[in-house]
Each structure stands twice: as C-alpha cells, then as structure tokens.
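Q:
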Amino acid sequence: MVITPALEKLPRSFYERDATTVAKDLLGRYLLHITGGIARIGKIVEVEAYLGQQDLAAHASKGLTSRTAVLFGPPGHAYVYRIYGLHWCMNVVSGPVGKGGSVLLRAIQPVQNVLGPTRGPGLLCRALEIDKRLNGHDLLSDDFFLAAAFEPEAFTITNRPRIGVNYAGAWSHQLLRFYIEDNSFISRR
DNA sequence: TCATTGATGGTCT
DNA sequence: GACCATCAATGAG
C-alpha cells in the first residue's frame, strides 16, 4: 500500500525562471502521468540544466528547427525526443521565452504505479510511459504535470558535470547536473 | 567491477 | 551518411 503525498501542481511562473534555477528547484518535486485512469508518479532526484542556444551541449544550439521548436516555445511544456534510436528522453522547457533553455529529467524515485527501473533518462521515460506523443505537451494539463509536496523535505544538492556531452568542449565541464545527495535512485557513474 | 559493444531511428549536414 | 543528453549484455581481470 503506497501512501500518495498531497500534491500541488506547479504554476507557469515556476518554469519561467532560467534553466539552472528551475533544475535545482525541480529536485524533490513529483512527476505525474495519468494514462487510462492510472496515475504513475515519481519523485525527481536527478536533473541536468541546458542553458539554451549558446550552450553547445544543448539541442537548442542547433537553432530553431522543426525538432527544437518546442524548446523555443513557452516554458512549462515537455520536450520529448528519441536518442540512440531506442530511448526517449524528456526535458522541461524553462524561461525566458525564446532562449531555448530546458531541464533534462535524469532519474526519479518511484512513488506509485511506476514500471521497472528509473535510474536514467531513458528508463525514466519507459517507467512513466512517456514517448513522442507527449512532445510539446503542456505541463499545466491534468494528465501530465509536475507537482510539489505540501510538506517539502530537506536534502542536500550535489553539482556534477553533465553526462554524455563530451563533444561540447568547455560546456561539458560546467557543473549543470544536480542530484539529491545520498539518494539511491540517481543514475550511476 | 570495469570496459566494450550492439541495438536502432530521427535529425542535421 | 554521421551523429547522438542510452541501456543491457557480454567478457576480461
């Protein structure tokens, strides 16, 4: 029996801040995806910030294309794409509008109705049934959104370089990966 | 425990 | 045609 914490949907203003601020503030928040009457819920424990067009590690560095259009759209929407031909990854578009900033969700801690492992961006999406259909989806909707617990918990945030972006030169060294210290659900490495 | 590699497809050049 | 914001299975040590 899982006891679901009381949750409050995050407002648009939450996402209108810069990617680094949103990334750190997303730790400890809850991701909910409701499909077929089943609510799948995970607590976010690891994220990476992608700063926008000038960030060579970010998809937005390609500029505005059909693929990256969502990144340059309004904050508070989901950017979902396929990577390495077989995995889905999910970002949260952050502000300010037009900058192309976003936050990659890398790992969650299972809370309710989660399918399989969640320590990694591809696994996370599989576990919450997130795929291309949710690209561009508004995160203030009622079936796919982020929420805060009414009673937040205390934790320490650790900074590390982002993973898998060695091609990005100096940008690959920036400490833009954040996770909850000592949480056992972060991706290994 | 660590390093290597195969699977697999959309996007960009 | 090359390149990936990955994961799981494999084999060496």
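Take 463 as the starting number for the first sequence in this note's numbering and just add one per residue.
Note that the Cβ used here is the ideal one computed from N, Cα and C, for glycine as well.
(1) In the stretch 527 to 595, which residue ranges form an unbroken beta strand (DSSP E) of at least 3 residues, counting only runs that do not cross its ends?
(2) Would the stretch 466 to 485 count as touching the stretch 506 to 525 if we require 3 or more Cβ pairs under 8 Å?
(3) Could you tell me whether the stretch 628 to 637 touches the stretch 605 to 613, where touching means 3 or more Cβ pairs closer than 8 Å?
(4) Suppose you measure from the CA of L472 to the CA of I570; what does that come to, to the nearest Å?
(5) Counting along the chain, where does the alpha helix (DSSP H) carrying L488 start and finish?
(6) Looking at the unbroken beta strand (DSSP E) that takes in R622, where does it start and where does it end?
(7) With C-beta atoms as the reference, is H549 less than 8 Å away from G504?
(8) Quick check: the stretch 579 to 596 against the stretch 524 to 538, are at least 3 beta-carbon pairs closer than 8 Å?
(9) With K594 and R529 assumed to form a contact (beta carbons below 8 Å), what rounded beta-carbon distance in angstroms separates them?
(10) Over the uninterrupted alpha helix (DSSP H) stretch that includes R474, give me the two end residues.
(11) In chain order, what residues of the same chain have a beta carbon less than 8 Å from the beta carbon of Q516, not counting five sequence neighbours either side?
(12) Residues in its own chain within less than 6 Å of G562 by CB, not counting five upstream and five downstream?
(13) Assuming P537 and Y477 make a contact with CB atoms under 8 Å, what is their CB distance in whole Å?
(14) Over what stretch of residues does the beta strand (DSSP E) that includes G525 continue unbroken?
(15) Assuming contact is defined by CB atoms lying nearer than 8 Å, are L601 and A520 in contact in what I supplied?
(16) Residues in its own chain within less than 7 Å of V559 by CB, not counting five upstream and five downstream?
(17) Could you give the DSSP three-state label for G504: helix, strand or coil?
A: Walking through what the data contain:
(1) Listed in chain order, the beta strand (DSSP E) runs fully inside the stretch 527 to 595 are 540 to 545, 549 to 555 and 564 to 574, counting runs of at least 3 residues.
(2) Yes, the stretch 466 to 485 is in contact with the stretch 506 to 525.
(3) Because the criterion of three Cβ pairs below 8 Å is not met, the stretch 628 to 637 and the stretch 605 to 613 do not touch.
(4) Translated into the one-based positions of the first sequence, residue 472 becomes position 10. Translated into the one-based positions of the first sequence, residue 570 becomes position 108. The alpha-carbon atoms of L472 and I570 are separated by roughly 17 Å.
(5) On the first sequence, position 26 is the one that residue 488 refers to. Taken as a continuous stretch (DSSP letters only), the alpha helix (DSSP H) holding L488 covers A481 to L488.
(6) Locating residue 622 in the first sequence gives position 160, counting from the first residue. Start and end: I619 to R622.
(7) Your numbering for residue 549 matches position 87 in the first sequence. Your numbering for residue 504 matches position 42 in the first sequence. Going by C-beta atoms, H549 is not nearer than 8 Å to G504.
(8) Of all C-beta pairs linking the stretch 524 to 538 to the stretch 579 to 596, fewer than three are shorter than 8 Å, placing the two stretches out of contact.
(9) For the purposes of this step, residue 594 is taken as residue 132 along the first sequence, with counting starting at 1. For the purposes of this step, residue 529 is taken as residue 67 along the first sequence, with counting starting at 1. Not confirmed; about 11 Å, so no contact.
(10) Taking the first residue of the first sequence as 1, we reach residue 474 at position 12. Under the DSSP assignment, R474 falls in the alpha helix (DSSP H) whose first and last residues are R474 to Y477.
(11) Looking up residue 516 in the first sequence gives position 54. Closer than 8 Å at Cβ, skipping near neighbours: S523.
(12) Numbered from 1 along the first sequence, position 100 holds the residue referred to as residue 562. Counting only Cβ-Cβ distances below 6 Å, and skipping sequence neighbours, we find G514, Q515, A522, L533 and F534.
(13) Looking up residue 537 in the first sequence gives position 75. Looking up residue 477 in the first sequence gives position 15. Indeed they touch by this definition, with Cβ atoms about 4 Å apart.
(14) Mapped onto the first sequence, residue 525 falls at position 63. Taken as a continuous stretch (DSSP letters only), G525 belongs to no beta strand (DSSP E), as it is neither H nor E.
(15) Looking up residue 601 in the first sequence gives position 139. Looking up residue 520 in the first sequence gives position 58. Taking 8 Å as the Cβ cut-off, L601 and A520 do not qualify as a contacting pair.
(16) Against the first sequence, residue 559 aligns to sequence position 97. Excluding residues within five positions, the ones whose Cβ falls inside 7 Å are P536 and P537.
(17) Residue mapping note: residue 504 aligns to position 42 of the first sequence, counting from 1. Strand at G504.
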